[in-house]
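For the sequence shown, the residue numbers in this note's numbering are 146 to 398. Here a beta-carbon is modelled for each residue, glycine too, at the ideal position from N, C-alpha and C.
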Amino acid sequence: MDTQNILITKAIICIDMRFFCVLILSVCARLRRENPRGQKNMTTHILIADGSSLAVVGAETLLRARADTVLTTAENGDDLLRLAGINQPDIILLGDRFDPLFETVTLVERLIQAAPAGRIIVMGNTTDGLVIRDLFTMGMCGYLAVGDDLSTCLLTAVDTVLREHPYLSPTANAEYLIAMQSSSRDWKLDAEARAVLRLLARGCTVREIAAHMRLKRRRVYWVTEKMRSRFGATTNEHLISRAVAEGFMRLPD
146 MDTQNILITK
156 AIICIDMRFF
166 CVLILSVCAR
176 LRRENPRGQK
186 NMTTHILIAD
196 GSSLAVVGAE
206 TLLRARADTV
216 LTTAENGDDL
226 LRLAGINQPD
236 IILLGDRFDP
246 LFETVTLVER
256 LIQAAPAGRI
266 IVMGNTTDGL
276 VIRDLFTMGM
286 CGYLAVGDDL
296 STCLLTAVDT
306 VLREHPYLSP
316 TANAEYLIAM
326 QSSSRDWKLD
336 AEARAVLRLL
346 ARGCTVREIA
356 AHMRLKRRRV
366 YWVTEKMRSR
376 FGATTNEHLI
386 SRAVAEGFMR
396 LPD
């Protein structure tokens, strides 16, 4: 490897570490704010919510071997939010296809409101690094890609987030680092973009979206193009299907 390639490699590593350090600081800041030092619980309460009964049984089997751990399972999105509010769990294991009536990002946001000190670990089907980045931005603390071995990752993930550090399973970590090197890394799928996405899914035109959200049409076009680039979509229909598949929205009834 020549000197130029070495310098390029070092620059990429520096960029990756900068973004990962920001991620660690943001996650730790939320957890310390909601669960100050000195408030240590002897028992770890874990709330499990996954649409796959096999995943639930597998997680329960692994976690029962962990000392001083209490497990609770949720049946659907409403039940999950209710149990989170009542039990205030230390860890919430959330499958990204848990309840078809709830978007994954909506559940993450509402869980943080219901149980502010809870560490959310998403067990996800997608390995899109930008999706993972966006979930961390919303308050998720760990991500397990379903392609990775649950038996080798789950206990490590639980212990890691309890120490107030973010966790990524091997596949998720690799995809996250790749995404942080892309030109799309600086743009996030924020509340405005998700609102435009929902209105597109309802069949609204750009003019109608602009009027509804009190935006200029140029802004709506810009946000839509950013989302197409973000999801690798060529049309609005393709954009909507990709967003649904990755848990960022559900199709309107």
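Asked: Leaving out five residues before and five after residue 379 in sequence, what residues of the same chain have Cβ atoms less than 8 Å from its Cβ?; Found: 373
Asked: Considering only their Cβ atoms, is the gap separating residue 347 from residue 362 smaller than 8 Å?; Found: no
Asked: Do residue 274 and residue 320 have their C-beta atoms within less than 8 Å of each other?; Found: yes
Asked: Per DSSP, which one or two residues make a beta bridge with residue 334?; Found: Residue 334 pairs with nothing; no bridge assigned.
Asked: Residues bridged to residue 192 by DSSP?; Found: 217, 237
Asked: Assuming residue 283 is part of the alpha helix (DSSP H), what are its boundary residues?; Found: 274–283
Asked: Is residue 342 helix, strand or coil by DSSP?; Found: helix
Asked: For residue 226 versus residue 255, is the C-beta distance shorter than 8 Å?; Found: yes
Asked: Going by DSSP in three states, residue 269 sits in which element: helix, strand or coil?; Found: strand
Asked: In three-state terms, what does DSSP make of residue 182?; Found: Its pLDDT being 42, under 50, residue 182 is placed unreliably by the model, and nothing is read from it.
Asked: Verify the contact flag: residue 190, CB atom, against every heavy atom of the ligand HEM, threshold strictly below 7 Å.; Found: Absence of the ligand HEM is noted for the structure shown, with no ligands found whatsoever.
Asked: Between residue 191 and residue 208, is the Cβ-Cβ spacing less than 8 Å?; Found: yes
Asked: If we ignore side chains and look at the alpha-carbon of each, how far apart do residue 271 and residue 214 end up?; Found: 29 Å
Asked: Would you call the region 236–254 and the region 192–199 in contact, with 3 or more CB pairs under 8 Å?; Found: yes
Asked: Assuming residue 334 contacts residue 375 (C-beta within less than 8 Å), just tell me the rounded distance between them.; Found: 6 Å
Asked: Here's the rule: buried if 16 or more other CB atoms are within 10 angstroms of the residue's CB, otherwise exposed. What is residue 366?; Found: exposed
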